[in-house]
Amino acid sequence: MAEFLMPQLGADMSVGKLLGWRKKVGDRVQRGDIIADVETDKADIEVEVFATGTIEKILVQPGEKVPVGTALAIISEEGPSPGAGPVPPSPSPEHAAPTIPSPAPLIPTAPAPPAGGPRVHISPVARKLAADLGINPARLSGTGPGGRITLEDVQHAAQARTAEAAPEEKIDRAARMRQAIATAMARSKREIPHYYLSTEIDMSRSLDWLTGENLKRSVEDRLVYGVLLLKAVALALRKVPELNALWIEGKATPRPDVHLGVAISLRDGGLVAPALHHADRRSLDELMRDFRDVVQRARAGSLRSSELSDPTITVTSLGEQGVETVFGVIYPPQVALVGFGKIAERPWSSEGQIVSRPVITATLSADHRVSDGHRGGLFLVAVNQLLQKPEEL
Amino acid sequence: MTKEQIRETVFRVLGQIAPEANLNHLKPDRSIRDQMDLDSMDLLNFVVGLHKELQVEIPESDYPKLSTLNGCFDYLASRKNAA
Amino acid sequence: MTKLTYREAVRAALRKALRDDPRVFLMGEDVGGYGGAFAVSHGLLKEFGPERIRDTPLSESAFVGAGIGAALGGMRPIVEIMTVNFSLLAMDQIVNNAAALRHMSGGQFNVPMVVRVATGGGRQMAAQHSHSLEVWYAHIPGIKVLTPATVPDAYGMLLAALQESDPVFIFEHATLYPLEGELDEAAAEQMDISRAAVVRPGSDVTLITYGGTLGKTIQAADQLREMGIQAEVLDLRTLRPLDARTILTSVAKTHRAVIVDEAWRSGSFAAEISARIMEDAFDSLDAPVARVCSAEVPMPYAKHLEAAALPQTDEIVRAAQEMVPHHG
């Protein structure tokens, strides 16, 4: 038995609205199937399931808005069923038993508050949900035994908070996305001690190789230089893997897979950063296909849950039209962000000559709790070296 | 293929790339990219769209000729009639 | 499908094993002429003769030791011990020989012996015949511990145990022998003994039990349903090796667990289950795990005192009610 939960599609998401089901009770689902659509502040997301089995029960109906972590459906997983069938009740009639008083609890239910504030009496699952939703348990009153705050108490508080926020529904998507970005970025700047590095990279080898490569290719198969940048970043992370990590519960958790979040600006304002999965293991052609697909879907508003929830690092490129340098703000819980400015023709010293070269400025914003400038520098050097050998990317 | 058909095709492909843009406001002699805030991926999708609709090969070196609406109409008309 | 009692199901499995495999024989106190203390082997002496249905002297240490020797010698002995209280006399043979020989011989010897043990109270048999000491056996690596609570399990688990290459203990709660149930022999012969069973699905609280208390737990779940509490009932079936996954999956769903165990609470198997839940499902819990166990006294003889000492349906209901919001 598995629960299909409202996913957290980004660190700033606390509630989601179920738009609709693509499956019904009794349908078979497979890990990776898209089974529901969810509206978040940022976009409408196609949500994938992580279990294989049969939908046993649907718990949340389209239109309902629920906190992250709420069970949306129950999925009965596959596995050999045990041989025992149900059992008829025991035939031995027992006398109605006199009540056995349960032993007095060994620990008083309301311990004296220690110095530094009273201890909150809350169940583990309730504590976890409250932390996930950013609800302060000290403000809740518990309905469990001895006044313990239960899961239901936290769920009620979350619903009440959603209800209070309901008038905001009228504000359009762009404003809500602005709000979501504001929350995430404010948290980032409040919590993450950023450090910044930058380096200039001669792009002539990469661009020459790309021109030659694209000459051989039909329009559909052509590459954009952005894909070379992405692949170089993904491969450089192997050398400095601590940048490919998530900051969870007070410590950095290195991620084994490189899922590059690519910042995509939406024309009506705001941005999303869906993941290109396993970017370090994809060929340039595969990465190009993934990249094109995700950009198109981001702008059409049909991203998938896994793409929004699991990037391990973000890459932002302000494109060919804009400025030379971008120092980005890290998207929590990630611990680094790589930025690229536009490619500009610049005077460049090469073998004692001043020549004109297409140059791009690569920057790194990184979390100083997790890495230091020396390692960050090694990372940018590695990106540079990789871009000097585009044929090996 | 008439100039009007080419014009319709260009607008249809642009519309697919940026459904929210008001194409009637585009000035025919100014950069499409600047007016619509397109990035390199959009441009690639634009060229791929034109290729699919009109069956013309567009080498990368010709991309600058597609920078304005009028440039697109002229370039595509010449490619189409040459083909 | 055949309708029969738990006792008849064990007997049917014994009969099938004795017929199918000449290495199988049954021995124990009064299993022959008397037909077994609980009449399980009634009629088998006549059918299979004294070579294969062997009455033994009143020495558990001797006949369990003989079973170990027979297993080492290539036989498939089934040893019956009249009650779990008496099995303590054989503890040395079980712990120091049966469970350890494969390990100590570097895999050269194994002990494919099946030991059937009657267990549990509720029959006014008092303090030397009524306890639930399965947990002591479940503590020991090297043996398997099965606790059939249903007619199909009574039949299928004995046959499955005979397929094992190491010692298997089957604890038969003595109040279950007259229990009637449906048996599909073919299905029961294929059963998987490694998994706990979700006997009743539910979403609000998980009631975990095994053996003799399954019936009371199901009754409790039925009463809870009438109060609007959907209780999920798990029958552990096998105590060692334990199917922890089924327990954790259920608790992850319901966030609450009540463990019902006829043994004494201190050091009980319920304590083990509770610890596992704490270790591996802590963040799923919405309430402390509760246990409903026997009172910590030697089992009383008087009927009303014995009933008071054993876990009862209303206590299970109350424990579940107290942890589900708005029903406490």
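Protein chains in written order, with the numbering used here: chain P, 0 to 392; chain G, 996 to 1078; chain Z, 2 to 329.
Glycine included, C-beta positions come from ideal geometry on N, C-alpha and C.
Treat the numbers as computed from the prediction; the structure is a model and nothing was measured.
Contact set between residue i and chain P, taken where Cβ atoms lie within less than 7 Å
i	result
G/VAL1043	VAL218 and GLU219
Z/GLU323	PRO144
G/MET1039	According to the sequence as given, residue 1039 of chain G is Leu; it is not Met. Result: ARG221 and VAL223.
Z/THR250	MET0
Z/PHE283	PRO123
Cβ neighbours of residue i in the same chain (closer than 7 Å, five flanking residues each side left out)
i	result
P/ILE106	For P/ILE106, the pLDDT reaches just 49, beneath the cut-off of 50, and the residue's location in the model is therefore unreliable, although a value from the coordinates is still provided. Closer than 7 Å at the Cβ level, and outside the excluded window around P/ILE106, lies no residue.
P/GLY68	LEU4, MET5, LEU128 and ASP131
Z/GLU190	GLY157 and LEU160
P/ARG296	LEU302
P/ARG254	ASN243, ALA244, LEU245 and THR311
G/LEU1021	ILE1027, GLN1030 and LEU1064
Contacts of residue i in chain Z (Cβ-Cβ under 7 Å)
i	result
P/ALA125	ASP287
P/SER122	LEU286, ASP287 and ALA288
P/GLU248	Those within 7 Å of P/GLU248 in chain Z number zero; the least Cβ separation is about 11 Å.
N- and C-terminal bounds of the beta strand (DSSP E) containing residue i
i	result
P/ALA50	Per DSSP, P/ALA50 belongs to no beta strand (DSSP E) and is neither H nor E.
P/GLY25	That residue, P/GLY25, is in no beta strand (DSSP E); it is neither H nor E in DSSP.
Z/GLU173	169-174
P/GLN352	352-366
First and last residue of the uninterrupted alpha helix (DSSP H) at residue i
i	result
Z/ILE1	As shown, chain Z starts at 2 and ends at 329. That puts residue 1 of chain Z outside it, with no answer to give.
P/SER308	304-308
P/LEU58	Taken as a continuous stretch (DSSP letters only), P/LEU58 belongs to no alpha helix (DSSP H), as it is neither H nor E.
Z/ALA14	7-21
Z/VAL318	314-324
CB contact below 7 Å: residue i versus chain G
i	result
P/VAL294	yes
P/GLY300	no
P/GLY318	yes
P/ASN135	no
Neighbour flag for residue i against chain P, beta carbons, 7 Å
i	result
G/MET1036	yes
G/LEU1071	no
Z/PRO1	The structure shown does not extend to residue 1 of chain Z, since chain Z is modelled only from 2 through 329, so no value can be given for it.
G/VAL1027	In the sequence as presented, Val is not what sits at residue 1027 of chain G; that position holds Ile. No, its Cβ sits nowhere closer than 7 Å to a Cβ of chain P.
Z/THR148	no
Z/LYS17	no
G/HIS1020	no
6 Å Cβ shell around residue i - same chain, five flanking residues per side excluded
i	result
P/VAL239	ARG374, LEU377 and PHE378
Z/ASP21	none
Z/VAL290	ALA258, SER275 and ILE278
P/ILE191	ILE329 and ASP366
P/ASP32	VAL48
Z/ARG103	ASN111
Partner residues on chain P for residue i, Cβ-Cβ distance less than 8 Å
i	result
Z/PRO113	Within 8 Å Cβ-Cβ: nothing; Z/PRO113 doesn't reach chain P, min ~21 Å.
G/GLU1052	SER217 and VAL218
Per-residue DSSP class, three states only, for residue i
i	result
Z/VAL146	strand
G/LEU1064	helix
Z/THR250	helix
P/GLY338	strand
P/THR108	Its pLDDT being 43, under 50, P/THR108 is placed unreliably in this model, and the value from its coordinates should be taken loosely. Coil.
P/THR161	helix
P/LYS169	Low local confidence applies: a pLDDT of 42 at P/LYS169 is under 50, so the model's placement there is unreliable, with the coordinate-based value given in what follows. P/LYS169: helix per DSSP, three-state reduction.
P/LEU222	coil
P/GLN333	strand
P/ALA179	helix
P/GLN295	helix
Z/VAL41	coil
Z/VAL78	The question names Val, but residue 78 of chain Z in the sequence shown is Pro. Z/PRO78 falls in the strand class under three-state DSSP.
Z/TYR138	helix
G/SER1026	strand
P/GLY19	strand
Minimum Cβ-Cβ distance from residue i to chain Z less than 7 Å
i	result
P/MET287	no
Neighbouring residues, chain Z, relative to residue i (Cβ below 9 Å)
i	result
P/GLU2	ALA253 and LYS254
Within chain G, the residues that residue i reaches when beta carbons sit closer than 7 Å
i	result
P/THR210	GLU1055
P/ASN243	Chain G residues near P/ASN243: none, gap ~24 Å exceeds 7 Å.
Nonlocal neighbours in the same chain, by C-beta distance under 8 Å from residue i, ignoring five residues either side
i	result
P/ARG216	LEU222
P/LYS283	Going by the sequence as given, residue 283 of chain P is Leu instead of Lys. Contacts found: LEU222, VAL226, LEU227, LYS230 and LEU392.
P/ILE200	VAL358, ILE359, THR360, ALA361, VAL382, ASN383 and LEU386
Z/SER166	ASN111 and PRO113
Amino acids of chain G, ordered along the chain, whose beta-carbon sits closer than 8 Å to that of residue i
i	result
P/ARG291	MET1036, LEU1039 and ASN1040
Residue-chain proximity (residue i, chain C), Cβ-Cβ < 7 Å
i	result
P/ASN383	Of the protein chains in the structure, P, G and Z, none is chain C.
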